[in-house]
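In the numbering used here, the protein residues as written are 88 to 362.
Quick notes on the structure that follows.
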Amino acid sequence: MSERYCVIGNPIAHSKSPEIHAAFALQTGQDMVYERCLAPLDAFEATVRALVAAGCKGANVTVPFKLQAADLADRLTERARAAGAVNTFLFNSSGGIIGDNTDGAGLVGDIIRNAGVALEGKRVLLLGAGGAARGVVVPLLAALPAELTIANRTAATADALVERFAAQLAQDQRLAACAFEDIAGPYDVVINATSASLAGDLPPVPGSAFGPGTLALDMMYGKEPSRFMLFASEHGARQRDGLGMLVEQAAEAFLLWRGARPDTAAILDRLRLGG
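Here it is as structure tokens:
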């Protein structure tokens, strides 16, 4: 019988993760099934426990459950512990839950390999201070930017996140925080880690954040460019959605589950073409 995996979220119908993991399985010769799982907003833990009881081997976790997933895990990998957020579960044979976070590796891999943008020495702006943002701070810093500024609607929330990571990283001086209205651009890379695009909204980022050489990456993806991407383009930036990040973080999760690393380039190209 094929081993079962899934992606848990709310909403979840839009997720391309089943298509991606089916392609990974075909490419690497793995016998597995991967499905979408809609978890009620007030029943995430019950949903996960039911999956474990039903013999599910692992799961990805998406909006809005990444922080709850970190609390639920029995053990966290080093990168999940650093992030305080989990996007990947591995369920072991005794019913234990291991939490990992592959978001940061996926984001950095997409920016550097797929978008062809080096992060070393660059000014990077991260919009949002929730679970999606937490998962990418340490990998972004490991790519050696000159600075990483975390901006949020509420400055105190961004300050708290910077303090959390500064304490972990020996008071890394490259980290800064501000409110959206205090953003002082332009930045080389602007990453939207807010959930605004899910609702078709635009985070309150000023146009001055972008310049002609800016890469503006929205962690969300859809059939059409998000309002964030369109706004960035209007201010001269190069737009990119979160599909490449999704494929790259999925490959990291697949490696954890199945011990095989798929080739992402062909799969990403096919998804871009809609095939």
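Ideal Cβ positions, reconstructed from N, Cα and C, are used throughout, including at glycine.
Contact annotation, G186 with A156: C-beta distance approximately 6 Å; criterion of less than 8 Å satisfied. Annotation: the continuous beta strand (DSSP E) that includes D305 extends over L302 to D305. Just measuring C-alpha positions, the residue of G145, R136, V135 and S282 sitting nearest E339 is G145.
Look at V249 here: in three-state DSSP terms it is helix. Here V94 really is in contact with N147; their C-beta atoms are around 4 Å apart, less than 8 Å. Straight-line spacing of the CA atoms in G196 and A133 works out to 33 Å. Scanning R325, L333 and A286 for the CA closest to the CA of P299 turns up R325. Take the alpha-carbon of F111 and the one of E311: they are about 25 Å apart. Around the beta carbon of L317, fewer than 16 other beta carbons lie within 10 angstroms, which makes this residue exposed. Between T244 and the set T281, I99, L302 and D161, the nearest pair of CA atoms involves T281. Per DSSP, T241 lies in no beta strand (DSSP E) and is assigned neither H nor E. When only Cα atoms are considered, G193 and P127 end up about 27 Å apart. M119 and M88 have their C-alpha atoms spaced approximately 8 Å apart. Secondary structure note for Q114: its alpha helix (DSSP H) is the uninterrupted segment S104 to T115.
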